[in-house]
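The structure appears right after this line, and notes come after that.
Residue numbers (my numbering): 234 to 486.
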């Protein structure tokens with residue numbers, strides 16, 4: 234359930250009726266009707282919809298309905314970085330999801346499906362690369378950012394079960410489970426930029442880029458992303474990562 238503070242942070246021009254319908258989670262077969270009921274008669278961009286991401290729906294529905302940004306109904310706070318994401322929806326899409334949703338659902342695939350429906354054409358090979366990069370960025374945002382867990386590199390085999398148990402324990406706590414993860418996609422000048430931002434404590438950028446042994450259980454996420462993307466930039470003390478990919482002449486990768 235959204236608190237009043239959540240709505241205080243909403244920027245002008247967002248979808249009309251958001252406050253009135255906030256307690257009506259929707260999804261599945263009623264998704265289209267619910268969104269159309271919320272949309273103003275002459276919707277000004279960006280068009281933002283509240284969606285229960287735990288329900289069954291297809292990302293293609295978001296594109297068909299002209300949705301620019303999705304807010305997860307389970308969010309416990311307004312994502313402070315959402316304004317930045319919304320600024321790019323003229324040629325892009327954005328979503329603010331809960332930690333729980335990002336952990337349990339294949340958000341990387343959902344978000345890329347939505348992006349492809351709205352944006353540039355992508356080859357199947359490049360979609361695989363984009364999905365892997367998004368998965369790595371989301372894993373870092375969820376586990377080490379919003380859940381505040383240490384890197385798997387420092388977890389022994391003996392304590393791995395305890396580590397997994399701690400994940401489930403924190404996902405059961407509203408403070409952790411409801412924290413926002415913001416995703417954004419922008420396409421321009423034959424480039425596609427994907428961004429993921431968490432609301433965790435941030436991390437030491439210099440230390441994170443040190444070499445990690447190939448045999449390590451974890452800790453190679455950033456190195457993998459650097460190997461997949463044409464350009465990687467980190468902001469906000471490591472909370473936000475932007476991954477840029479070159480597109481072909483006709484927009485296809």
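Even for Gly, the Cβ is constructed at its ideal location relative to N, Cα and C.
Whole-angstrom C-beta distance between residue j and residue i, which should lie under 8 Å
i, j, result
"residue 364", "residue 341", "5 Å"
"residue 420", "residue 352", "5 Å"
"residue 381", "residue 337", "Not quite, the Cβ-Cβ distance comes to about 18 Å (not below 8 Å), so this is no contact."
"residue 327", "residue 302", "5 Å"
"residue 369", "residue 454", "4 Å"
DSSP-derived helix/strand/coil call for residue i
i, result
"residue 291", "coil"
"residue 382", "coil"
"residue 344", "helix"
"residue 235", "A caution first: residue 235 carries a pLDDT of 35, below 50, which makes its placement in the model too unreliable to give a value."
"residue 328", "strand"
"residue 415", "strand"
"residue 406", "coil"
"residue 470", "helix"
"residue 357", "helix"
"residue 487", "The structure shown does not extend to residue 487, since the chain is modelled only from 234 through 486, so no value can be given for it."
"residue 300", "coil"
"residue 280", "coil"
"residue 305", "strand"
Residue i and residue j closer than 8 Å at C-beta
i, j, result
"residue 474", "residue 429", "yes"
"residue 332", "residue 410", "yes"
"residue 417", "residue 325", "yes"
"residue 407", "residue 379", "no"
"residue 462", "residue 436", "no"
"residue 376", "residue 425", "no"
"residue 427", "residue 366", "yes"
"residue 308", "residue 281", "no"
"residue 229", "residue 312", "Nothing about residue 229 can be reported from this structure: the residues present for the chain run from 234 to 486 only."
"residue 458", "residue 476", "yes"
Strand pairing of residue i, partner residues [DSSP]
i, result
"residue 425", "420 and 478"
"residue 431", "Per DSSP, none; premise fails for residue 431."
"residue 465", "476"
Self-check item: Sufficient close CB pairs (3 or more, under 8 Å) joining the segment 344-361 to the segment 462-475
Solution: Touching, no, given that fewer than three Cβ pairs across the two stretches are closer than 8 Å.
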